Amino acid sequence: MHSREIIGDLLRRASLTAPDLLAADIGAALQDAGGNHLVLYVVDYEQLSLQPVGIAVDLLAEEPKGVNVEGTLAGRAFQLQEVVSTAVDGGWRVWAPVRERAERIGVIEFGFAELDDELLALCDDLGLLAGHLVHTAGRYTDLVELRRRRRPMNLAAEMQWDMLMPPLAFSSPELAIAGILEPAYFVAGDAFDYSMNGELFSFAILDAMGHGVHSTLASTLALGGFRHGRRRGLDLAVIAEQMDDALVEHLEEEEGFVTGHICQLDVGTGGFRWVNAGHPPPLLVRGSKVVGEMKAEPCLPLGLGIDVTHVGEVRLQPGDRVLFYSDGVVEARPKGGPQFGVERLIDDAEEFLGSNLPVAEVLRRLVRRLREHRGGELEDDATLVFMEWQPAPGRPGDRGGRRAAG
60 MHSREIIGDL LRRASLTAPD LLAADIGAAL QDAGGNHLVL YVVDYEQLSL
110 QPVGIAVDLL AEEPKGVNVE GTLAGRAFQL QEVVSTAVDG GWRVWAPVRE
160 RAERIGVIEF GFAELDDELL ALCDDLGLLA GHLVHTAGRY TDLVELRRRR
210 RPMNLAAEMQ WDMLMPPLAF SSPELAIAGI LEPAYFVAGD AFDYSMNGEL
260 FSFAILDAMG HGVHSTLAST LALGGFRHGR RRGLDLAVIA EQMDDALVEH
310 LEEEEGFVTG HICQLDVGTG GFRWVNAGHP PPLLVRGSKV VGEMKAEPCL
360 PLGLGIDVTH VGEVRLQPGD RVLFYSDGVV EARPKGGPQF GVERLIDDAE
410 EFLGSNLPVA EVLRRLVRRL REHRGGELED DATLVFMEWQ PAPGRPGDRG
460 GRRAAG
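In structure tokens, the structure reads:
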């Protein structure tokens, strides 16, 4: 059976069977290509391990367990978003990344008696297809969601992940963005959102004061105002003021405020505009070096009755990246120890960017360094978002291709 027929067969199977049989469907479709076992893994919320969600077993002696992202071939496929293979007794093992556009979802492990380039390409295609199927299944089953969790999630985090968060990564020919939030099971006040509408990319990163459900409600109101304003085509300053109005109207004064950046990028020209509502300034990255902070005169945090008098403006160069972060990143510290700090963030970011890693992997490794510095779980919400602009071929300033966010 040819690759096209295998994928068509899988699509027909998946449209008719229960979502928990997804791996079995892929395995059945692959049998005619010589596949002898398959395991579908999804990454946990902290991106530390890959958890099995479905198995099609012929040669496996026992049900597989979770595997670490660090130090394994499956983890390498996830980190680098590339197909990895190795010879084993009786054949071959192949690991292909499972992704939905640029969002990293997990890995599929395949077993074959024999392997060639055509099968490797098929594995990569099946990883892409599995990403779409897993993403779609999340609309009507909790099975995949539950496998991603290594421990219980509090109510505030449940609301944050379920109601507020977009995919953690997105890429197009002109732009890539990736984000990460910690602590994954207790995050409350931090959030980000984005939307690509023609040549206008809109983005916001927010940090609501406090912890728990009240912070999540504040983030919900602010993001609701952001989405409402951008969908009406309002000016950036007006969007920020309407976000502020929503918080003032629906929250009591003592219930807090929200800091953040509200941003727009013209992907055709690289024109970047932003309102700083009391948030740490983002870092401009050129090549693999941080060249400075992007400073705009800040207004008050959202929810305190703001009047936007200044909108920052800069023209990005092709390949420029912007690193946004919340104060929970630079203020993280071990008991009695120093803060992580902006300088440490810059040093670590430059180290990983110099390795030519996918943007989402740079963020995962930055958070790992943050946990190591803290010596355990973070106490405050910590959010990192990388945005990269690279004009498509034929755009002004184009200088060639770019790596996807995933």
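Residues 60 to 465 (the numbering used here) make up the sequence shown, in order.
The beta-carbon is built from N, C-alpha and C at its ideal position, and this holds for glycine as well.
Bear in mind the structure is a predicted one, so any value in this text is a computation, not a measurement.
### Opposing strand residues paired with Glu-372 [DSSP bridges]
By 1-based counting over the sequence shown, the position of residue 372 is 313. Glu-372 pairs with Arg-332.
**Message:** If you reduce the DSSP assignment to three classes, tell me which class Glu-402 lands in.
**Reply:** Mapped onto the sequence shown, residue 402 falls at position 343. Of the three classes helix, strand and coil, the one that applies to Glu-402 here is helix, per DSSP.
TODO: Give the DSSP-derived three-state secondary structure of Ile-65 in the structure shown.
DONE: The count along the sequence shown starts at 1 and reaches residue 65 at position 6. Correct three-state label for Ile-65: helix.
- Confirm, please, whether the CB-CB distance from Asp-440 to Asp-266 is below 8 Å. Here residue 266 refers to the residue found at position 207 of the sequence shown. Here residue 440 refers to the residue found at position 381 of the sequence shown. One thing to note: Asp-266 has its Cβ within 8 Å of the Cβ of Asp-440.
Are at least three pairs of beta-carbons, each pair with one atom in the stretch 237 to 256 and one in the stretch 442 to 449, less than 8 Å apart? With the cut-off at 8 Å, the stretch 237 to 256 and the stretch 442 to 449 touch.
- [ ] With a floor of 4 residues, list each alpha helix (DSSP H) that falls wholly inside the stretch 123 to 157, ordered by position along the chain.
- [x] Taking only runs of at least 4 residues, the alpha helix (DSSP H) segments lying wholly in the stretch 123 to 157 are 132 to 139.
Worksheet entry | Segments assigned alpha helix (DSSP H), at least 4 residues, entirely inside the stretch 272 to 324 | DSSP assignment within the stretch 272 to 324 yields the following whole alpha helix (DSSP H) runs of 4 residues or more, N-terminal first: 295 to 309.
Checklist entry - Mind checking Asn-127: buried by the 16 CB within 10 Å criterion, or exposed? => result Working through the sequence shown from its first residue, we reach residue 127 at position 68. That one is exposed.
DSSP has Trp-448 in a bridge; who is on the other side? For this step, residue 448 is matched to residue 389 along the sequence shown. According to the DSSP secondary-structure assignment, Trp-448 is paired through a beta bridge with Leu-234.
For Leu-109 versus Gly-125, is the C-beta spacing smaller than 8 Å? Counting from 1 along the sequence shown, the entry for residue 109 is found at position 50. Counting from 1 along the sequence shown, the entry for residue 125 is found at position 66. Between Leu-109 and Gly-125, the gap from beta carbon to beta carbon is short of 8 Å.
Inset, instruction - Mind checking which residues open and close the alpha helix (DSSP H) that includes Asp-84? - result: Mapped onto the sequence shown, residue 84 falls at position 25. Here the alpha helix (DSSP H) through Asp-84 covers 81 to 89.
- request: Between the Cα of Arg-374 and those of Glu-410, Ser-274 and Trp-333, spot the shortest distance and give me the residue it belongs to.
  value: In the sequence shown, the residue the question calls residue 374 occupies position 315. The shortest Cα separation from Arg-374 among Glu-410, Ser-274 and Trp-333 belongs to Trp-333.
*asked:* Can you tell me where the alpha helix (DSSP H) holding His-432 begins and where it ends?
replied: Mapped onto the sequence shown, residue 432 falls at position 373. His-432: member of the alpha helix (DSSP H) spanning 418 to 433, first to last residue.
Taking the continuous alpha helix (DSSP H) assigned at Leu-188, which residues delimit it? As a working note, residue 188 is residue 129 in the sequence shown. Unbroken alpha helix (DSSP H) run through Leu-188: 176 to 196.
Checklist entry - What runs of the alpha helix (DSSP H), each 4 residues or longer, lie entirely inside the stretch 199 to 224? => result DSSP runs (the alpha helix (DSSP H)) wholly in the stretch 199 to 224: 202 to 206 and 214 to 218.
With Arg-351 as the anchor, note down where its beta strand (DSSP E) starts and where it stops. As a first step, residue 351 must be located in the sequence shown, where it is residue number 292. Reading the sequence as shown, one finds Gly at residue 351 and not Arg. Residues 348 to 352.
Can you give me the Cβ contacts of Ala-180 inside the same chain, cut-off strictly under 8 Å, excluding the 5 residues immediately before and after it? Translated into the one-based positions of the sequence shown, residue 180 becomes position 121. Excluding residues within five positions, the ones whose Cβ falls inside 8 Å are Ser-62.
Report task. Assign Ala-73 to one of two classes, buried (16 or more other C-beta atoms within 10 Å of its C-beta) or exposed (fewer than that). Result -> The residue given as residue 73 occupies position 14 in the sequence shown. Classification for Ala-73: buried.
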